[in-house]
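Please read the structure below before turning to the comments.
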Amino acid sequence: MSRKSLDLLNEGIRRQKAGFRALAASLYTQVPQDDPYHADALNLLGTVLFEEGRMQDAARLIGQAVRNSPGNATAWANLGGVARHITRPDAALACYRRAVLLAPNRADGLAGLTGLSGGRHRRTTLRRRLALWPLDVDAHIEFGNELAADGANGLAAMAFRRVQLLAPASPAGAYNHGNALRDTGEIDGADLCYRRDLSIAPGSADILNNRGLLFFSGGSWPAGEACFRQALAHAPDHAAANGNLARTLQKRERPNAAVQAYRRGLLSDPAAVPACCEIAGLMEAESWARRALAINPFAAEPYNRLALLATRDPARTDVLWRLRQGACIRPETADVWYNIGVERGRSGDAATAVRYCRRATQIDDGHALAHLNTALALLVQERFAEGWEEHRRRLDSPEAAPFLRRFAIPEWTGQDLAGARLLVWGEQGIGDEIQFLTLAPALLRRGAALTVLTEPRLRPILRRSFPGIAVPEVATPTGGWEDHHGCDLQIALGDLPHRLALFCGGEVRPEPWIVPDPERAMALRVGLLARHRGKRLVGITWRSIAPKTGARRSIPIDLWRAVAAMPEVALVSLQYGAAPEDYAAFAAQTGQPIDHAHGIEPLVDLDGLAALVAAVDLVVAPANNTVHFAGALAKPCWTLLPTRPDWRWGLTRDDSLWYPQTRVFRQQRDGDWEPVMVRVAAALGEWVEGQSARAPSSSQT
Numbered sequence: 001m002s003r004k005s006l007d008l009l010n011e012g013i014r015r016q017k018a019g020f021r022a023l024a025a026s027l028y029t030q031v032p033q034d035d036p037y038h039a040d041a042l043n044l045l046g047t048v049l050f051e052e053g054r055m056q057d058a059a060r061l062i063g064q065a066v067r068n069s070p071g072n073a074t075a076w077a078n079l080g081g082v083a084r085h086i087t088r089p090d091a092a093l094a095c096y097r098r099a100v101l102l103a104p105n106r107a108d109g110l111a112g113l114t115g116l117s118g119g120r121h122r123r124t125t126l127r128r129r130l131a132l133w134p135l136d137v138d139a140h141i142e143f144g145n146e147l148a149a150d151g152a153n154g155l156a157a158m159a160f161r162r163v164q165l166l167a168p169a170s171p172a173g174a175y176n177h178g179n180a181l182r183d184t185g186e187i188d189g190a191d192l193c194y195r196r197d198l199s200i201a202p203g204s205a206d207i208l209n210n211r212g213l214l215f216f217s218g219g220s221w222p223a224g225e226a227c228f229r230q231a232l233a234h235a236p237d238h239a240a241a242n243g244n245l246a247r248t249l250q251k252r253e254r255p256n257a258a259v260q261a262y263r264r265g266l267l268s269d270p271a272a273v274p275a276c277c278e279i280a281g282l283m284e285a286e287s288w289a290r291r292a293l294a295i296n297p298f299a300a301e302p303y304n305r306l307a308l309l310a311t312r313d314p315a316r317t318d319v320l321w322r323l324r325q326g327a328c329i330r331p332e333t334a335d336v337w338y339n340i341g342v343e344r345g346r347s348g349d350a351a352t353a354v355r356y357c358r359r360a361t362q363i364d365d366g367h368a369l370a371h372l373n374t375a376l377a378l379l380v381q382e383r384f385a386e387g388w389e390e391h392r393r394r395l396d397s398p399e400a401a402p403f404l405r406r407f408a409i410p411e412w413t414g415q416d417l418a419g420a421r422l423l424v425w426g427e428q429g430i431g432d433e434i435q436f437l438t439l440a441p442a443l444l445r446r447g448a449a450l451t452v453l454t455e456p457r458l459r460p461i462l463r464r465s466f467p468g469i470a471v472p473e474v475a476t477p478t479g480g481w482e483d484h485h486g487c488d489l490q491i492a493l494g495d496l497p498h499r500l501a502l503f504c505g506g507e508v509r510p511e512p513w514i515v516p517d518p519e520r521a522m523a524l525r526v527g528l529l530a531r532h533r534g535k536r537l538v539g540i541t542w543r544s545i546a547p548k549t550g551a552r553r554s555i556p557i558d559l560w561r562a563v564a565a566m567p568e569v570a571l572v573s574l575q576y577g578a579a580p581e582d583y584a585a586f587a588a589q590t591g592q593p594i595d596h597a598h599g600i601e602p603l604v605d606l607d608g609l610a611a612l613v614a615a616v617d618l619v620v621a622p623a624n625n626t627v628h629f630a631g632a633l634a635k636p637c638w639t640l641l642p643t644r645p646d647w648r649w650g651l652t653r654d655d656s657l658w659y660p661q662t663r664v665f666r667q668q669r670d671g672d673w674e675p676v677m678v679r680v681a682a683a684l685g686e687w688v689e690g691q692s693a694r695a696p697s698s699s700q701t
């Protein structure tokens, strides 16, 4: 009978693998109870019941199998699988261990142990599996995932690369390989893996979602949106893709569409607290934040969102209260301390802001924004050694991703530059690039041959000002590796102060560097003097166009009346993006016209702005790009600062460490520009008298 029973079992196994479970079960039940293969039949019948979801019946039959045949390692492994499925991990672990003891060289017992083990024991078990079965694809995938969870993304990428060699058609291999390469910063390689994976599984929403995240993290919002929409076309209920699409639409300034995407995501995941909080922010609706709070009263995000909504009140009385509630609920969350630090910094308490932001970085050293805000709070206090060190972490923040450049050459860490070719790349915008380029002369004196990658509008100015510096034409960053233009070393422009120990023990000091177009500057000055004979030329801007901080750095036009009324002064517009109606409003509210006949539009023609700043006698403006041009031209400049100035201006000084010809006028009360402009008018009168005593304006060039 044993031979017939064996044939029954083999035929049943074939039918079970083909999906004919009922037929397989009928074959297994034909094995007599007194047959040596009866325990195997019970075990196999139990696996059929397991596949059908009848866990208790499966456990009963497989348990009977191991009682009848205690040496059956396969049955012990299957019993472990059932116990694990019904959430009895201790029993499952005991079963898997028995299976391994009975058959140390079989895969099923070790695979089960791997799933239940943790930490070092799990890795040891995985290594043993791979030593016994080096072609075990699942083991390689699990080992790679374990390495990735430990942050060893490079080793994880190697494990997943082996999976692709062993099973080229495995979607999991390419997918996980792409994830590991993404986490190591190999963006091009990750994209290649995702594209290869899509050729194997073209409708995979997970792959499309992760490829979209690759574009999202690199700042390629349109490409990211396209991937997320493709993912949702294949899986409309994919909550992560809906959430990521919503985040992308927020980045693309399409708030209504973002709200709809978040709502669709909530249909598949109604308890998604982050989605509720984002809707609360987009709609400025406290009800959504309170809904998030009802879903999870112990989450910090709803309190943070309620605090953000409380900022709509000019008094901001509830902001800190809400943030502190979040800190009490989730003190282990870095964001809650970071947000308190930001609010304290906003109120002008930079020292306290440092303490709270540092608390955030102690909890999560990878919190780049907390490091950045720590740096800014330190720098505004002129605590430069600590500040420059923290400032290096700004490049880890999500906001920096669209500006990052990657080169296959080492970073300059402060070593001797004599004979070295140094690549310096900008990453923070026009004003910051102008400011940090005041350190370029020091690099040249150290013997470096410089190549500078900068904003296109600055390139002609840089080439004229530094004839010996290479300024190549380059595209915007893509996130991939870029040409290093034959250089030996590279550094981000904003890291120069740290390398040069600026203002904290180093000998280097910022130096004006801009050389304007001499013919253009002369023509502009001649034209201005012809229109305003005998007058001093004062270039001004009265508003900032920065989206977040522009309102705080904009001065009402009527407050310029006293300055405009001075008979010895002619006001020249340096204003970005001014329209004819703006000039008409200026004339109507001050009683005097402002000269804008020079034809320079500073928003698009920075070389023209440099020439125009060179052509006037004095610049008076709130903190914006214009004051950086004036400072880098060594032009006398009066910078008008709000109560919470940018880090570069310090808290109390009336001069600038960066620009020797710059003078600072500070607000004493938030939003109150009137006393500032009274002081400016008085100082301007004194300045005119001093200028008149030295030389007539018509002789200045």
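Residue numbers for the sequence shown, in UniProt numbering: 1 to 701. The beta-carbon is built from N, C-alpha and C at its ideal position, and this holds for glycine as well.
* To do: Give the secondary structure of Ile-409 by DSSP, where H, G and I count as helix, E and B as strand, and everything else as coil.
  => Taking the first residue of the sequence shown as position 1, residue 409 is located at position 409. In the three-state reduction of the DSSP assignment, Ile-409 falls in the coil class.
* To do: Flag this pair as touching only if the stretch 359–373 and the stretch 330–344 have three or more C-beta atom pairs under 8 Å; answer yes or no.
  => yes
* Asked: Can you list, in chain order, the residues of its chain whose CB lies under 6 Å from that of residue 708, leaving out five sequence neighbours each side?
  -> Nothing in the structure corresponds to residue 708, since the chain is present only between 1 and 701.
* Asked: For Thr-652, does the three-state DSSP call read helix, strand or coil?
  -> Numbered from 1 along the sequence shown, position 652 holds the residue referred to as residue 652. It is coil, neither helix nor strand.
* Would you decide whether Gln-325 is buried or exposed? Buried here means 16 or more other CB atoms lie within 10 Å of its CB. => Looking up residue 325 in the sequence shown gives position 325. Burial call: buried.
* Asked: Which of the three DSSP states, helix, strand or coil, is assigned to Pro-497?
  -> Taking the sequence shown and counting its residues from 1, one reaches residue 497 at position 497. Correct three-state label for Pro-497: helix.
* When the Cα atoms are used, what is the spatial distance from Gln-435 to Glu-427? -> Reading the sequence shown from its first residue, position 435 is the one you call residue 435. Reading the sequence shown from its first residue, position 427 is the one you call residue 427. Their backbone Cα atoms lie some 12 Å apart in a straight line.
* Note down the Cα distance separating Thr-29 from Asn-68, rounded to an integer number of angstroms. => Taking the first residue of the sequence shown as position 1, residue 29 is located at position 29. Taking the first residue of the sequence shown as position 1, residue 68 is located at position 68. One C-alpha to the other measures close to 16 Å.
* By how many angstroms is the C-alpha of Ile-207 removed from the C-alpha of Ala-25? -> Indexing the sequence shown from 1 puts residue 25 at position 25. Indexing the sequence shown from 1 puts residue 207 at position 207. Going by the C-alpha atoms only, they are around 38 Å apart.
* Mind checking whether Thr-451 and Pro-472 have CB atoms under 8 Å apart? -> Translated into positions along the sequence shown, residue 451 becomes position 451. Translated into positions along the sequence shown, residue 472 becomes position 472. Contact: yes.
* Among Ala-190, Glu-411 and Asp-237, the one whose alpha carbon lies nearest that of residue 703 -> There is simply no residue 703 to check, as the chain begins at 1 and stops at 701 in what is shown.
* Might you give, ordered along the chain, the residues of its own chain that have their beta carbon closer than 7 Å to the beta carbon of Val-82, omitting 5 neighbours on each side? => As a working mapping, residue 82 is identified with position 82 in the sequence shown. Closer than 7 Å at the Cβ level, and outside the excluded window around Val-82, lie Phe-50, Met-55, Ala-58, Ala-59 and Ile-62.
* To do: Could you tell me which residues DSSP pairs with Thr-333 in its beta bridges?
  => For this step, residue 333 is matched to residue 333 along the sequence shown. For Thr-333, which the question treats as bridged, DSSP gives no partner whatsoever.
* To do: Go ahead and label Leu-293 buried or exposed: buried means 16 or more other beta carbons lie within 10 angstroms of its beta carbon, across all protein chains shown.
  => By 1-based counting over the sequence shown, the position of residue 293 is 293. Per the 10 Å Cβ criterion, buried.
* **Alpha-carbon to alpha-carbon, Pro-270 and Ala-300** => Working through the sequence shown from its first residue, we reach residue 300 at position 300. Working through the sequence shown from its first residue, we reach residue 270 at position 270. Cα to Cα, the separation comes out at about 18 Å.
* Asked: Where does Asn-244 land, buried or exposed, given buried means 16+ other C-beta within 10 angstroms?
  -> Taking the sequence shown and counting its residues from 1, the one referred to as residue 244 is at position 244. Buried, by the Cβ-count rule.
* What three-state label does DSSP hand Pro-512 in the structure shown? -> Mapped onto the sequence shown, residue 512 falls at position 512. Reduced to three states, the DSSP call for Pro-512 is coil.
* Would you identify the three-state DSSP class for Ser-5, choosing helix, strand or coil? => Looking up residue 5 in the sequence shown gives position 5. Helix.
* Asked: At what residue ranges does the stretch 587–652 contain a whole run of the beta strand (DSSP E), taking only runs of 3 or more?
  -> 618–622 and 637–641
* To do: On the DSSP bridge assignment, give the partners of Ala-449 in chain order.
  => For the purposes of this step, residue 449 is identified with residue 449 of the sequence shown, where counting begins at 1. DSSP output for Ala-449 lists Arg-421 as bridge partner(s).
* Asked: Which partner residues of Leu-102 appear in the DSSP bridge assignment?
  -> Residue numbering aside, residue 102 sits at position 102 when the sequence shown is read from its first letter. In DSSP, Leu-102 forms no bridge with anything.
* Stretch pair the stretch 513–533 + the stretch 543–558: three plus CB contacts closer than 8 Å -> Touching, no, given that fewer than three Cβ pairs across the two stretches are closer than 8 Å.
* **Burial state of Gln-164 (16 or more Cβ within 10 Å)** => Numbered from its first residue, the sequence shown carries residue 164 at position 164. Buried.
* Asked: Nearest to Asp-617 by CA position, among Leu-571, Val-604, Gly-599 and His-628, is which residue?
  -> Looking up residue 617 in the sequence shown gives position 617. For the residues Leu-571, Val-604, Gly-599 and His-628, the minimum Cα distance to Asp-617 belongs to Leu-571.
* Asked: Just curious, the alpha helix (DSSP H) that Val-664 is in, first and last residue?
  -> The residue you call residue 664 lines up with position 664 of the sequence shown. It is not in any alpha helix (DSSP H) - Val-664 instead sits in the beta strand (DSSP E) that spans 662–666.
* If you count every other CB in all the chains shown that lies within 10 Å of the CB of Gln-16, and 16 or more means buried, which is it? -> The residue given as residue 16 occupies position 16 in the sequence shown. Around the CB of Gln-16, 16 or more other CB atoms lie within 10 Å, so the residue is classed as buried.
* Buried or exposed: where does Asn-10 fall if 16 or more other Cβ atoms within 10 Å of its Cβ makes it buried? -> Mapped onto the sequence shown, residue 10 falls at position 10. When all chains shown are included, Asn-10 counts as exposed.
* **Distance, Thr-541 Cα to Gly-387 Cα** => Start at 1 with the first residue of the sequence shown, and residue 387 comes out as number 387. Start at 1 with the first residue of the sequence shown, and residue 541 comes out as number 541. Roughly 31 Å separates the two Cα atoms.
* **Contact under 8 Å by Cβ, Ala-643 with Ala-623** => On the sequence shown, residue 643 is found 643 positions in, with the first residue counted as 1. On the sequence shown, residue 623 is found 623 positions in, with the first residue counted as 1. It should be noted that the sequence gives Thr, not Ala, for residue 643. In this structure, Ala-623 does not lie closer than 8 Å to Thr-643 by Cβ.
* To do: Just grab the DSSP bridge partners of Ile-491 for me.
  => For the purposes of this step, residue 491 is taken as residue 491 along the sequence shown, with counting starting at 1. Checking the DSSP bridge columns, you'll see Ile-491 partnered with Val-424.
* Between the beta-carbon of Ala-368 and the beta-carbon of Arg-393, is there less than 8 Å? -> The residue labelled residue 368 in the question sits at position 368 within the sequence shown. The residue labelled residue 393 in the question sits at position 393 within the sequence shown. Cβ distance < 8 Å, so Ala-368 and Arg-393 count as in contact.
* To do: Look at the Cβ atom of Gly-609, then the Cβ atom of Gly-577, and state whether they are nearer than 8 Å.
  => As a working note, residue 609 is residue 609 in the sequence shown. As a working note, residue 577 is residue 577 in the sequence shown. The amino acid at residue 609 is misidentified as Gly; the sequence shows Leu. No; because the gap between Cβ atoms is not below 8 Å, this pair is not in contact.
* Residue nearest to Lys-535 in terms of C-alpha spacing, selected from Arg-355, Met-566, Gly-650 and Pro-516 -> Here residue 535 corresponds to residue number 535 of the sequence shown, with the count starting at 1. For Lys-535, the nearest C-alpha among the options comes from Met-566.
* Asked: Tell me which same chain residues have a C-beta within less than 6 Å of the C-beta of Ala-449, skipping the five on either side of it?
  -> The residue you call residue 449 lines up with position 449 of the sequence shown. Result list for Ala-449: Arg-421, in chain order.
* To do: Please check the pair Leu-306 and Ala-289, which I expect to be a contact at CB under 8 Å, by giving their CB distance rounded to whole angstroms.
  => Within the sequence shown, residue 306 is the residue found at index 306, counting from 1. Within the sequence shown, residue 289 is the residue found at index 289, counting from 1. Their Cβ separation, rounded to whole angstroms, is 5 Å, which keeps Leu-306 and Ala-289 in contact under 8 Å.
* Rounded straight-line distance, which links the Cα of Gly-539 to that of Leu-651 -> Counting from one through the sequence shown, the residue named residue 651 turns up at place 651. Counting from one through the sequence shown, the residue named residue 539 turns up at place 539. One C-alpha to the other measures close to 26 Å.
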